[in-house]
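Chains as they are written, first to last, in this note's numbering: chain A, 339 to 680; chain B, 339 to 680; chain C, 13 to 339; chain D, 13 to 339. The beta carbon of each residue, even a glycine, is placed where N, CA and C say it ideally should be. All values reported here derive from a predicted model rather than from experimental measurement. Single-structure report; data block below.
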Amino acid sequence: MARVSRAPSTETALPTKHKQLGLSDDEILGIYNKLVLIRAIEERIWALNRQGKVPIAASSQGHEAAQLGSLTAAQKDGSCFLFPYYRDVALKIAVGLEPEQVMRSFMGKVGDPYSGGRQFPFQGADLPHKIIQISNVVSAGVTQATGYALAGKLKHEETVVLCYFGEGGSSQGEVHEAMNFAGVHNLPIVYICENNRYAISVPQNRQMAVGNVADRAESYGFRGVVVDGMDFFASLQATSDAILHARSQGPILLEMKVERFMPHTTDDDDRRYRPSNEVETARQQDPVLTIADYLKVHGILTDEQLDSMRNEAQEKVDEATDSAEAAPPPDASTIHDHLFAS
Amino acid sequence: MARVSRAPSTETALPTKHKQLGLSDDEILGIYNKLVLIRAIEERIWALNRQGKVPIAASSQGHEAAQLGSLTAAQKDGSCFLFPYYRDVALKIAVGLEPEQVMRSFMGKVGDPYSGGRQFPFQGADLPHKIIQISNVVSAGVTQATGYALAGKLKHEETVVLCYFGEGGSSQGEVHEAMNFAGVHNLPIVYICENNRYAISVPQNRQMAVGNVADRAESYGFRGVVVDGMDFFASLQATSDAILHARSQGPILLEMKVERFMPHTTDDDDRRYRPSNEVETARQQDPVLTIADYLKVHGILTDEQLDSMRNEAQEKVDEATDSAEAAPPPDASTIHDHLFAS
Amino acid sequence: MAVKSVIEAVREGMFEEMCRDPDVFLLGEDVGPRGGVFLASQGFYEEFGRDRIIDTPLAEASIVGIALGAAYKGMRPIAEIQFSDFIWPAANQLIGEAGRVCYGTNGNLSVPLVVRVPYGGGIRGGLFHSQNVESYFFHTPGLKVVAPSTPFDAKGLLKSAIRDNNPVVFVEHKKTYRMVRGEVPDDDYVLPLGVADVKRAGSGVTVVSYGLMVHYCLEAAEALSGEGVDVEVVDLRTLKPLDVDTILDSVRKTGRVLIVHEDNITGGVGAEVAARIASGAFDYLDAPIGRLCGPDVPTMPFASSLEEAYMPSTESIASELRNLAAY
Amino acid sequence: MAVKSVIEAVREGMFEEMCRDPDVFLLGEDVGPRGGVFLASQGFYEEFGRDRIIDTPLAEASIVGIALGAAYKGMRPIAEIQFSDFIWPAANQLIGEAGRVCYGTNGNLSVPLVVRVPYGGGIRGGLFHSQNVESYFFHTPGLKVVAPSTPFDAKGLLKSAIRDNNPVVFVEHKKTYRMVRGEVPDDDYVLPLGVADVKRAGSGVTVVSYGLMVHYCLEAAEALSGEGVDVEVVDLRTLKPLDVDTILDSVRKTGRVLIVHEDNITGGVGAEVAARIASGAFDYLDAPIGRLCGPDVPTMPFASSLEEAYMPSTESIASELRNLAAY
Ligand SMILES: Cc1ncc(C[n+]2csc(CCOP(=O)(O)OP(=O)(O)O)c2C)c(N)n1
Ligand SMILES: Cc1ncc(C[n+]2csc(CCOP(=O)(O)OP(=O)(O)O)c2C)c(N)n1
Ligand SMILES: [Mg+2]
Ligand SMILES: [Mg+2]
């Protein structure tokens with residue numbers, strides 16, 4: 339059985355959870371500020387889709403605590419390399435992209451940092467931020483991430499790879515092959531499964547006969563851990579632990595239980611298959627709310643601060659949208675560029 | 339952890355093991371007789387390869403107890419359908435092929451029951467004996483077997499599918515996908531892994547970081563069992579149990595620990611990678627010897643009978659070889675036949 | 013006859029065959045309550061239940077492999093690959109296995125299997141939701157490949173494919189799904205596999221195409237008729253078996269031919285068509301064989317500008333036809 | 013210069029590159045102590061150790077995917093697929109991913125990867141140990157495809173492939189491994205990718221081929237020289253990039269061309285060669301473009317009679333050349 343990883347208990351008086359995890363008040367506030375911005379960006383993107391200005395978007399709403407928690411762990415570690423998947427929108431923004439870069443990526447404009455507008459938003463590589471995600475073919479990046487970890491090991495580097503996928507993606511044969519290989523070679527890699535119980539419309543019980551993807555780790559000779567991915571602190575803690583484990587002992591599989599608040603993508607209509615109140619209930623755990631509550635309880639955030647954060651975020655998003663809209667798409671003459679490297 | 343399945347203990351006075359398993363003296367003697375014939379055939383085939391008359395052969399030597407044990411269970415059940423792999427030579431002969439059919443298959447002659455000489459020996463389909471093995475692409479048959487089991491279930495039949503592969507084959511992603519699907523749909527299928535600890539030259543510890551393939555069953559929500567595949571009775575018992583389980587409760591993974599006595603195929607030279615005494619030691623468990631001992635101890639077989647069995651087998655093999663050699667290869671004009679079904 | 017879209021025709025074709033034959037069943041990702049991401053199976057789950065409309069785990073190799081195994085047992089599975097770009101994990105089952113079952117068992121077994129594959133670009137699908145995959149299967153002996161362009165063809169050919177005892181890769185151009193509408197008979201009909209269709213008769217230049225591009229070719233032909241160039245449009249409909257006779261007949265008549273497809277030019281279906289013409293109608297040719305196809309970059313990029321630059325268009329087809337006519 | 017076989021040339025090429033560049037490593041099934049099933053890496057494990065000679069689990073998708081990931085980090089992996097027929101599980105990584113990395117990251121990343129693929133028939137390999145897979149990769153933008161015919165070419169091209177910053181599918185004809193011997197320089201040399209080689213100059217008929225078939229073409233050319241037919245043999249060497257200029261130059265000179273390959277005819281590389289000639293050298297052609305290729309059945313059957321019936325031979329090539337010369 340996979341272990342269940344928990345954040346430091348809330349009952350503890352002091353130090354607060356974020357301090358226990360080595361985050362200063364400013365740092366946790368900064369992270370929350372990013373989250374607010376990310377939410378504003380995501381909501382705008384969805385609206386832009388409805389206006390015909392963004393052809394397609396997946397949303398990370400509901401996955402943000404897991405993504406930002408694991409990213410924070412990676413950033414604190416300093417030697418991680420990331421292979422995220424298409425739903426890791428919050429993560430990909432939070433690494434340090436400007437809102438305008440984000441908008442350009444979603445609109446397929448020049449300046450898209452991932453693919454220069456050749457691919458769906460946020461697919462390709464953002465090497466300055468140590469991210470590779472070549473495609474959105476589900477789980478195709480998992481063997482590649484494993485190979486990256488192998489290369490890091492062969493080169494005697496400190497690098498730990500974080501490799502993300504959904505529970506749907508865990509059904510792909512390549513995931514089995516990758517984990518099996520990582521087990522044999524004891525690679526420094528953390529497999530992170532963001533389990534939101536749906537692969538588009540297919541519920542978990544039609545995808546697998548088990549409750550936890552993490553339990554599969556044993557089949558490959560390593561450890562599996564289940565964590566509440568709606569809890570930023572638990573996600574941060576579990577990822578930090580996993581990174582250390584991966585570096586010293588080899589692979590580990592971290593399953594983050596999350597909720598998908600939005601339809602699969604802007605193309606989807608989840609009313610066809612999702613019980614009507616499910617999302618509503620899930621939204622009670624919205625990290626945008628729960629982290630705000632936490633910060634307020636601990637006197638780190640006031641209502642006014644929150645308001646101005648939100649306003650600032652909206653302003654940034656407005657600006658980014660306008661300039662990205664004004665930006666040109668790539669010149670048609672570039673269609674043959676970079677087919678081959680020189 | 340996978341359970342370990344054991345044959346009825348030898349210590350028990352009476353009834354003898356075969357009787358406990360519902361086999362009469364004649365039946366167990368008949369099975370042994372087949373084994374002697376199979377060994378004679380396999381040895382001849384190897385020799386024919388050295389003479390340039392058989393282009394390629396894999397051998398089941400060392401796997402026979404597992405194969406014949408599981409086949410006997412399937413035959414006693416009466417409603418099984420088999421998807422074996424290339425090493426299941428003993429099984430494929432024992433279902434009821436004439437030695438001459440065997441030889442024709444190995445020589446690529448007209449009358450090869452599997453493919454009419456289009457494929458490597460024993461690949462294609464022997465439908466009269468309820469066997470399909472389209473190719474020897476490792477594990478490519480596993481999803482197909484699973485689909486066959488699904489169809490049987492959709493058609494409300496009694497059929498239980500037995501699907502065979504090596505431990506090497508268990509690394510293929512398709513095996514993961516197949517078992518996962520079988521788990522979700524509770525299919526009547528027994529996955530049988532003949533684990534001889536080598537995939538050609540690659541030892542088990544370079545293939546996987548775990549000791550038992552059977553342990554993986556849990557990842558798919560079903561049961562895994564380890565059995566001593568060098569023991570005919572244990573293999574029979576475990577397969578019988580597994581068939582019943584599959585029919586009433588769904589999939590099960592049976593791992594049979596076996597020994598590969600011969601090089602991977604006639605093309606291989608195992609001295610490049612195998613410790614010199616390993617095979618020698620393993621041969622002490624040769625089912626051709628151990629079952630003979632058993633039969634003699636229980637007064638079912640005498641030395642004279644054994645001699646005449648062997649002589650008879652040699653005669654059959656001689657005859658079969660001669661007539662298969664004399665048989666023509668398929669006519670060149672048939673090369674386009676059966677590209678499509680009508 | 014009612015006017016229907018291509019997606020409606022596909023849905024009807026499957027629906028009718030599922031009613032007609034209890035051995036037909038559908039499996040794939042999101043084909044159940046969701047009705048498929050393109051809604052090809054909308055309402056099927058409610059009608060046929062979850063034994064015959066199977067939402068699979070996200071694992072294409074197993075979708076095709078399981079379908080194959082079910083076909084061995086006499087079922088007639090329809091496997092849906094959600095987007096053509098996701099067919100590669102299933103290549104082992106489709107290229108390696110399916111096409112060799114009948115041949116490799118000397119006719120002992122046959123495989124009544126349809127793999128439905130929404131494909132093609134022009135819908136802002138970017139590098140991984142636009143691919144033209146047909147030529148890979150075209151090159152694979154033992155597979156049939158069908159690529160309809162109209163609702164009428166889609167339904168009639170799909171029904172034939174389902175009734176065929178061989179593995180058929182049925183590629184459906186996503187852009188035609190809702191864009192192309194046309195009359196579809198209300199009663200049962202089938203169209204034979206392996207027969208091309210002259211969608212427009214003409215005597216001056218032949219254009220050979222399939223799928224979405226047929227419509228652009230027809231538009232171009234229309235445009236050129238005003239200029240005195242009489243274009244014959246041959247819609248291959250079935251890529252394999254390839255109806256070489258219809259192609260050669262047309263070229264022998266016109267002496268000039270342009271082959272148009274969206275797929276990358278090098279090694280595409282058009283290369284084979286050109287080669288057949290170059291050997292089979294050599295003496296009739298009055299001009300070099302033209303090909304207007306997608307360039308050799310990995311599919312349509314996402315940016316509107318690059319996607320447009322990739323796709324053959326009515327204008328570029330018309331211009332090539334003009335050149336050919338003037339040669 | 014010493015006389016070597018193709019397999020020796022391949023082994024030397026890899027060995028030298030591994031000595032030259034510590035980022036080069038080899039992974040695949042049985043490449044370790046076994047030295048590869050064709051002994052391409054015999055002695056490597058002992059020389060380079062198990063970090064650089066990695067025996068993988070039996071799982072081709074991961075072999076290529078892991079190699080790809082290692083290439084992202086600046087390694088130069090050589091992935092061995094044991095037989096071409098087993099490459100299909102890796103299609104997702106090779107067709108779907110590898111060829112799009114550089115393009116799909118707008119040049120952010122490149123993939124210095126070589127996938128070595130023993131292929132081809134004539135060795136009693138039957139349906140699943142004989143396949144010609146080159147045309148699938150030939151059709152895939154972003155991949156290079158190399159198919160040497162001689163030891164000299166094999167070594168020089170392999171070294172170039174390893175130094176190339178792009179994914180290269182390097183197909184090695186199994187029958188040439190030990191059958192074909194020739195001189196190989198002792199010192200370091202490379203041959204450029206994308207350049208065909210005129211293996212025999214002639215003025216009467218051009219024959220275009222690659223791999224094993226080049227040798228049969230050369231024999232046929234020899235046979236015909238006695239009959240007064242002067243055959244030029246063009247060995248493509250690299251299928252992609254395709255050296256169209258060399259092909260067209262030859263055809264413009266001879267006016268007659270036969271394309272020969274072992275791969276199934278429909279949609280094979282020869283179709284593209286024919287199409288290029290049909291558009292690029294149309295006015296120079298004195299005869300229909302000929303193709304002599306494997307028939308459209310799934311690879312060479314196992315039985316000697318059927319395998320022979322499948323393979324183009326010196327005799328059948330000579331006879332086609334005779335017909336062309338007489339046209
Ligand atoms: C190989 C492949 N098959 C199918 C798809 C279509 N598709 C995209 S996402 C998705 C569901 C993925 O579910 P999961 O892995 O659970 O991730 P989630 O979207 O729930 O985060 C599907 C079927 C794809 N992109 N790639
Ligand atoms: C997909 C695929 N890859 C590689 C091979 C070559 N090959 C044939 S058998 C084999 C080893 C199989 O080992 P295992 O599954 O353990 O079976 P065993 O031979 O030991 O019974 C290999 C690598 C193949 N036939 N198919
Ligand atoms: Mg999910
Ligand atoms: Mg084994």
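Chain-ordered residues of the stretch 547-566 of chain B with a beta carbon less than 8 Å from chain A: Ala547, Val548, Asp553, Arg554, Glu556, Ser557, Tyr558, Gly559, Phe560
Proximity test, Cβ basis, 9 Å: asparagine 120/D and chain C: no
Of the listed residues His674/B, Met647/B, Asp605/B, Gln622/B, nearest to threonine 311/D (C-alpha basis): His674/B
Cβ distance (whole Å) where histidine 401/A is taken to contact arginine 425/A below 8 Å: 6 Å
Proximal residues of chain B, C-beta to C-beta of serine 509/A below 9 Å: His514, Glu515, Asn518, Phe519
For isoleucine 99/C and alanine 287/D, believed in contact at Cβ under 8 Å, the rounded distance: Not quite, the Cβ-Cβ distance comes to about 25 Å (not below 8 Å), so this is no contact.
Aspartate 553/B versus asparagine 474/A: straight-line alpha-carbon distance, rounded: 31 Å
Arginine 303/C - DSSP class collapsed to helix/strand/coil: strand
C-beta neighbour in chain B for phenylalanine 98/D, strict 9 Å: yes
Nonlocal neighbours in the same chain, by C-beta distance under 7 Å from methionine 225/C, ignoring five residues either side: Val272, His273, Glu274, Pro324
Contact test: leucine 70/C Cβ vs ligand 6 heavy atom, cutoff 8 Å: With respect to ligand 6, the structure shown offers nothing to examine, as its ligands consist of ligand 1, ligand 2, ligand 3 and ligand 4.
Heavy atom of ligand 4 within 8 Å of tyrosine 322/C beta-carbon: no
Where the beta strand (DSSP E) through leucine 39/C begins and ends: 36-40
Chain A contact for proline 179/C (CB, 9 Å cutoff): no
Validate contact between the stretch 303-310 of chain D and the stretch 109-122 of chain C using beta carbons, cut 8 Å, 3 pairs: yes
Simplified DSSP assignment, three categories, for proline 451/B: coil
C-alpha gap between methionine 339/A and leucine 582/A, whole angstroms: The predicted position of methionine 339/A is uncertain, since its pLDDT is 49 and thus under 50; a value taken from the coordinates is nonetheless stated next. Rounded to the nearest angstrom, the two C-alpha atoms are 21 Å apart.
Aspartate 42/C Cβ short of 8 Å to ligand 1 heavy atom set: yes
Minimum Cβ-Cβ distance from valine 522/A to chain D less than 9 Å: yes
Start-to-end residues for the beta strand (DSSP E) that takes in serine 17/C: 14-17
Cα-Cα separation between alanine 489/A and isoleucine 90/D, rounded to whole angstroms: 13 Å
Around ligand 4, Cβ to any heavy atom closer than 6 Å, ordered along the chain: Gly504/B, Glu505/B, Gly506/B, Asn534/B, Tyr536/B, Ala537/B
Contact set for isoleucine 107/C: own chain, Cβ-Cβ below 6 Å, skip 5 residues either direction: Thr152
Segment contact flag, the stretch 599-612 of chain B with the stretch 441-458 of chain B, C-beta cutoff 8 Å, min 3 pairs: no
Minimum Cβ-Cβ distance from aspartate 426/A to chain D less than 9 Å: no
Chain C within 9 Å of valine 480/B, Cβ atoms only: yes
Neighbouring residues, chain C, relative to alanine 667/A (Cβ below 8 Å): Looking at the sequence itself, residue 667/A is proline, so the reference to alanine does not match. Under the 8 Å cutoff, chain C gives Ala315, Ser316, Ser317, Leu318.
Selection from Asp450/A, Ser661/A, Gly446/A that minimises the alpha carbon distance to glutamine 137/C: The sequence shown places glycine at residue 137/C, rather than the glutamine named in the question. Nearest option by C-alpha distance: Gly446/A.
As assigned by DSSP and simplified to three states, the class of leucine 270/C: strand
Alpha carbon of serine 398/A to alpha carbon of tyrosine 423/A, nearest angstrom: 11 Å
Short CB-CB distance (under 9 Å) between isoleucine 470/A and chain D: yes
Glycine 206/D: contacting residues in chain A (beta-carbon distance under 9 Å): Near glycine 206/D there are no residues of chain A at all, since even the closest Cβ is about 10 Å away, more than 9 Å.
Short Cβ contact (9 Å threshold) for alanine 103/C with tyrosine 131/C: no
Residue closest to valine 210/C, alpha-carbon to alpha-carbon, out of Val49/C, Gly55/C, Cys229/C: Cys229/C
Nearest-angstrom Cα separation, counted from proline 101/C out to arginine 544/B: 24 Å
Short CB-CB distance (under 9 Å) between threonine 350/B and chain C: With a pLDDT of 49 at threonine 350/B, under the threshold of 50, the predicted position of this residue should be treated as unreliable, though the coordinate-derived value follows. So, not an interface residue.
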